[in-house]
Amino acid sequence: MSSAYVTRLLFDPNHESFIVVKTTLGEYEVVDGCCYRSFLERRFTEIAFLAVWGTQQVRGYGARLMDYNKERVNQPRLTHVLTCTDNNAVPYFAKQGFNTEISLPQHRWHSYVKAYDGVTLMECVLLSQFNYLNVPMLLKAQKMGVVENLKQVSASHIVHPGLDGCSKKGICVRDIAGLRHQAGFERHQRRNSEQERAEKHVHHAHLQRVLEELKKHECVWPFLCPVDTEDTGAND
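Using my numbering, you'd call the opening residue of the sequence shown number 51 and step up by one each time.
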């Protein structure tokens, strides 16, 4: 976009804009900003442009800006957010819940959203009962829930005492608490030797069948017999 066009949108009374300002050593610095227009009668908001300062990208400012934008326009009369984003910015908008499948009927937005060359029309459906400013807390709570559930099937959260690295005596692997449990060295986890031998026999027979099938393949002939050292001059 040209600076003249951006200026016209900023001062257009039909558009609203907001910016994120960061204070560094007592000085104010604009990090990012957004300009949008809401069409209440057509139940959607168009993001005219959204920009993040190059040196401040990939730091979460863009995601936070989008959360504020969604919460600012989130009301029962507005159900969708549309934008014609630069093709290079499609991954960013995809992370913010936008997609290229437009569910809003075309007669509502056609001729109202201005398209350009090299852009992609994307849409985000708003949830009126959802507070978008709580997204970070919600994601943190979901992550903690996943971690707690993993504790039921994993021992990765258990911290065992460290080994004595100064000990001159060797350490038996059975004496390492975490390894003893995970490797099945504990007595109550060990099965009788007859069952172990039976399982080993079954596994050996299965692997033997796999090996025989591999030997029948037409491409394995170089590996069937050892290489003649007299032909290659190899010592090993």
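Don't be surprised by glycine CBs; every beta carbon is placed ideally from N, CA and C.
Please name the residue or residues paired with residue i in a DSSP beta bridge.
{"i": "residue 53", "result": "Bridge partners of residue 53: none, in fact."}
{"i": "residue 94", "result": "89 and 130"}
{"i": "residue 72", "result": "79"}
{"i": "residue 248", "result": "Residue 248 pairs with nothing; no bridge assigned."}
{"i": "residue 84", "result": "68 and 100"}
{"i": "residue 202", "result": "DSSP, once it has assigned bridges, lists no residue as partnering residue 202."}
Would you report the Cα separation of residue i and residue j, rounded to the nearest angstrom?
{"i": "residue 220", "j": "residue 226", "result": "12 Å"}
{"i": "residue 57", "j": "residue 194", "result": "45 Å"}
{"i": "residue 197", "j": "residue 53", "result": "48 Å"}
{"i": "residue 81", "j": "residue 150", "result": "27 Å"}
{"i": "residue 287", "j": "residue 214", "result": "With the chain running from 51 to 286 in the structure shown, residue 287 is simply not present."}
{"i": "residue 228", "j": "residue 222", "result": "13 Å"}
{"i": "residue 257", "j": "residue 250", "result": "10 Å"}
{"i": "residue 140", "j": "residue 152", "result": "14 Å"}
{"i": "residue 188", "j": "residue 93", "result": "27 Å"}
With a threshold of 16 other CB atoms inside 10 Å of the CB of residue i, please say whether the residue is buried or exposed.
{"i": "residue 120", "result": "buried"}
{"i": "residue 269", "result": "exposed"}
{"i": "residue 255", "result": "exposed"}
{"i": "residue 71", "result": "exposed"}
{"i": "residue 172", "result": "buried"}
{"i": "residue 271", "result": "exposed"}
{"i": "residue 161", "result": "exposed"}
{"i": "residue 204", "result": "exposed"}
Can the beta-carbon of residue i be found less than 9 Å from the beta-carbon of residue j?
{"i": "residue 131", "j": "residue 170", "result": "no"}
{"i": "residue 183", "j": "residue 111", "result": "no"}
{"i": "residue 154", "j": "residue 129", "result": "yes"}
{"i": "residue 68", "j": "residue 109", "result": "no"}
{"i": "residue 124", "j": "residue 178", "result": "yes"}
{"i": "residue 84", "j": "residue 60", "result": "no"}
{"i": "residue 145", "j": "residue 191", "result": "no"}
{"i": "residue 100", "j": "residue 133", "result": "yes"}
{"i": "residue 137", "j": "residue 168", "result": "yes"}
### Query
Going along the chain, which unbroken runs of the beta strand (DSSP E) with 3 or more residues stay wholly within the segment 145-175?
169-175
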